[in-house]
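**Q**
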Amino acid sequence: MKKIALSAFALLLMAATSLTAQEKKYYTPQKGDWSIGVVFNPVSMSSIKAQPSSGDKVGNWAKGHAFNGDQMFMLSQDPVAAVRVKYRLDKNAAFRASLGFNGSLINYKEYVQDDLAVALDADSQNKVVDVVHSNMNTASLMLGYEYMVGEKAVRFIFGGDILYSIGGGRLTFDYGNRMTSLNQIPSTMPIPGEMKDKSGKRGIAYGRPTDKYTAGYIHALGFSLEMGIEVFIAERISAGLSMNFTPLAVTFQPETYTVYEGFSTYTGQVEKYTNYVSPGSNALLYGIENFGARLSLNYYF
1 MKKIALSAFA LLLMAATSLT AQEKKYYTPQ KGDWSIGVVF NPVSMSSIKA QPSSGDKVGN
61 WAKGHAFNGD QMFMLSQDPV AAVRVKYRLD KNAAFRASLG FNGSLINYKE YVQDDLAVAL
121 DADSQNKVVD VVHSNMNTAS LMLGYEYMVG EKAVRFIFGG DILYSIGGGR LTFDYGNRMT
181 SLNQIPSTMP IPGEMKDKSG KRGIAYGRPT DKYTAGYIHA LGFSLEMGIE VFIAERISAG
241 LSMNFTPLAV TFQPETYTVY EGFSTYTGQV EKYTNYVSPG SNALLYGIEN FGARLSLNYY
301 F
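Each step along the sequence shown adds one to the number in my numbering, with nothing skipped, and position 281 is 281.
1. Taking the continuous alpha helix (DSSP H) assigned at L89, which residues delimit it?
2. Compare the Cα-Cα distances from I36 to each of S104, T28, R96, D174 and report the closest residue.
3. Closest by CA to Y276, which one among E226, T256, D78?
4. Whole angstroms is fine: what's the gap from H65's alpha carbon to M136's?
5. If the criterion is Cβ atoms closer than 8 Å, does the pair T265 and L75 meet it?
6. Assuming G280 and Q253 form a contact by the criterion Cβ under 8 Å, report the distance between their Cβ atoms to the nearest whole angstrom.
7. Nearest by alpha-carbon distance to V83: which of Y108, S124, V38, D123 is it?
8. Find the nearest neighbour of N177 within the set P209, L116, V43, judged by alpha-carbon distance.
9. For P192, count the other beta carbons within 10 Å of its own beta carbon; 16 or more makes it buried, fewer makes it exposed. Which is it?
10. Please determine, among K196, G159, K31, the residue with the shortest C-alpha to C-alpha distance to N244.
11. What does the alpha-carbon distance come out to for the pair F67 and H219?
12. Would you check if the distance between the CB atom of P186 and the CB atom of Y260 is smaller than 8 Å?
13. Who pairs with Y175 in a beta bridge, going by DSSP?
14. Could you tell me whether the Cβ atoms of Y164 and L221 are closer together than 8 Å?
15. Which residue marks the beginning of the beta strand (DSSP E) containing L248, and which one marks its end?
16. When you compare only the Cα positions, how much space is there between S278 and A215?
17. So G100 and A81 are in contact, right, with Cβ under 8 Å, and what is the actual spacing, rounded?
18. With DSSP as the reference, identify every bridge partner of E261, one or two as the case may be.
Given below as structure tokens:
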């Protein structure tokens, strides 16, 4: 992703050099003007995992990204893509607002052995389907101030934004093989060991997850700084490239729970029960490591 940002920077720099060499009067935004644009941050793609990669097992992805502390850090970053609106206070200064979101609704399916069919015929090749329903979403709102310097094609910009992000999600599991007193450990799609319950509590030797969720949403609040260039490639159209970082952010993550089902030797029945996965957490992030590279395309009117 860093290669994308560097390549874009090189192309924009070449275009800026060419335009600067031309003797031409360029559009200068005035008080009361508006602009609307899209902003893309390729650096954020390396850490935001709202959906599994091609061929990745949903269970492994969920264990690694969906419900751990990484989400707190993820929400303190720029969204991968956002829509940004600016209002000019004068030809140099502007208020701006950006809204970005990222997410997925996935129904991931895998074939597994049909236990009932195999019990009736050991050579049976029948299959049933296990399904994982995944709903992961994040949204970010930024409100800030921008200052633009320059009169020709290439303008220098710097500014700052207050960043607020919210995110959360849920995993639910539907299994093709029912758990019964005769089939206490049914054939199931591969699930990481950390997501199974083998504690033996309640007389249950094996519990498989049916639902995993947080008790609310993860929140992040931070301050982002930006510096870069904006190049007017047409009268009212500009392309921008800037570096940004979030020197300070606070994040909050609620408790996480998993609902299991398992056969209890105490009651002789399949029971559902809820376990804590993690308590509520919070973090204070500071420094310059949390950075990105914004690419933008803007239209002024």
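Just so it is clear, CB atoms sit at the ideal spot from N, CA and C, and this is done for glycine as well. Small disclaimer: the values here were computed from a predicted structure and weren't measured.
**A** Taking the geometry as given:
1. Where L89 is concerned, there is no enclosing alpha helix (DSSP H), given that its DSSP letter is neither H nor E.
2. R96
3. Residue T256 is the option with its Cα nearest to Y276.
4. Because the pLDDT of H65 is 49, which lies under 50, any placement of that residue in the model is unreliable, and the question is left without a value.
5. no
6. So it is a contact: roughly 6 Å between Cβ atoms.
7. V38
8. It is L116.
9. Label assigned to P192: exposed.
10. Ranking K196, G159, K31 by Cα distance to N244 puts G159 first.
11. Model confidence at F67 stands at a pLDDT of 47, short of 50, so the residue's coordinates are unreliable and nothing is read from them.
12. no
13. DSSP, once it has assigned bridges, lists no residue as partnering Y175.
14. yes
15. 237–253
16. Their Cα atoms are separated by approximately 11 Å.
17. 6 Å
18. R208, K272
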